[in-house]
Amino acid sequence: MNPVVLITGASRGIGRQTALTLARNGYNVAVNFHSHEVRAKSLVRELGELGSDADCFRADVSSLNEVKAMYDQIHRRFGKISALVNNAGISEQSLFTDITDEMWDRMIGVNLKGVFNCSKVFLPDMIRAKSGSIINISSVWGQTGAATEVHYSASKAGVIGLTKALAKEVAPCAVTVNCICPGVIKTDMLSPFSSSEIDALKEEVPLRKLGTPGDIANTVLFLLSPGASYITGQVISVNGGFLI
Ligand code: NAP
436 MNPVVLITGA SRGIGRQTAL TLARNGYNVA VNFHSHEVRA KSLVRELGEL GSDADCFRAD
496 VSSLNEVKAM YDQIHRRFGK ISALVNNAGI SEQSLFTDIT DEMWDRMIGV NLKGVFNCSK
556 VFLPDMIRAK SGSIINISSV WGQTGAATEV HYSASKAGVI GLTKALAKEV APCAVTVNCI
616 CPGVIKTDML SPFSSSEIDA LKEEVPLRKL GTPGDIANTV LFLLSPGASY ITGQVISVNG
676 GFLI
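Residue numbers (the numbering used here): 436 to 679.
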């Protein structure tokens, strides 16, 4: 039977492309979405056309109760999953002095607690099976910090710390935990930036181009492949040389 992967935040962007790439490579896919149900359903149809047994599941990853309910639905539909890609995320630009309690809590809630919630709920099956893989999508800003994105940078730095600690803890159970730090990737997340701001960002990238969702999807595919089975606790930068 094909392995089952859960990808959070797969209705758009990096998550969507990762679902397509994994489906083309023999995975059945559980697609998590939050608000874009129509897009998630249309992705499930596309995945089906690629021969993947796929379905979509709504949950706000910041809510442990919603993630538990999603686990029950996925378990009934697919049984155990063999891989979890914690990709769901939000971003926001704000001066530090303008970040409110609510903005801080929402950012940490989705980007960091979301990773905690999904890992907490789906990991026990992997530990029992003595196999499995978790891939967390952090960010270059979690490595280096971004002005006007202190809450985003803090959430993504937290994901790096969580990855390293959890990898050590579950390695004896043959479960791997790794983290990918994308640079600037062409998705809806860049929509707050003007075209001149995007051009300026491109100039800062040594490869002189933005990354694509496919660049991240291919890295996920590699990390899930048998050839990467000795890699755990690592932070893989996919950023065109933006941070070296
Ligand atoms: P995107 O196009 O904005 O897509 C975000 C995805 O996350 C959507 O599928 C969205 O679902 C989902 N999501 C948001 N809040 C959620 C929640 N509370 N619960 C469940 N799902 C939720 O973003 P992207 O660029 O693909 O980003 C994917 C990941 O890569 C994020 O973690 C982001 O921080 C990281 N990243 C992106 C870049 C970049 O330049 N694009 C760079 C570094 C890191 P709905 O559409 O259903 O609401």
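Even for Gly, the Cβ is constructed at its ideal location relative to N, Cα and C.
Check whether residue i and residue j have beta carbons under 8 Å apart
i: Tyr587; j: Glu527; result: yes
i: Phe557; j: Ile615; result: no
i: Gly618; j: Phe677; result: yes
i: Val670; j: Gly646; result: no
i: Arg480; j: Arg447; result: no
i: Arg459; j: Asp490; result: no
Residues sharing a beta bridge with residue i, DSSP
i: Asn460; result: Bridge partners of Asn460: none, in fact.
i: Ser568; result: Ala518, Thr611
i: Asp490; result: Ala465
Check: residue i C-beta below 7 Å from any heavy atom of ligand 1
i: Ser629; result: no
i: Ser446; result: yes
i: Asn467; result: yes
i: Asp540; result: no
i: Ser470; result: yes
i: Asn522; result: yes
Coarse secondary structure for residue i, derived from DSSP in three states
i: Arg447; result: coil
i: Asn500; result: helix
i: Gly514; result: coil
i: Pro607; result: helix
i: Pro438; result: coil
i: Arg541; result: helix
i: Ser629; result: coil
7 Å CB neighbourhood of residue i in its chain, flanking five on each side removed
i: Ser660; result: none
i: Ile666; result: Thr611, Asn613, Leu658
Nonlocal neighbours in the same chain, by C-beta distance under 6 Å from residue i, ignoring five residues either side
i: Leu441; result: Ala465, Ile516, Leu519
i: Asp488; result: Asn463
CB contact below 8 Å: residue i versus chain C
i: Asn500; result: No chain C is part of this structure, which consists of one protein chain only.
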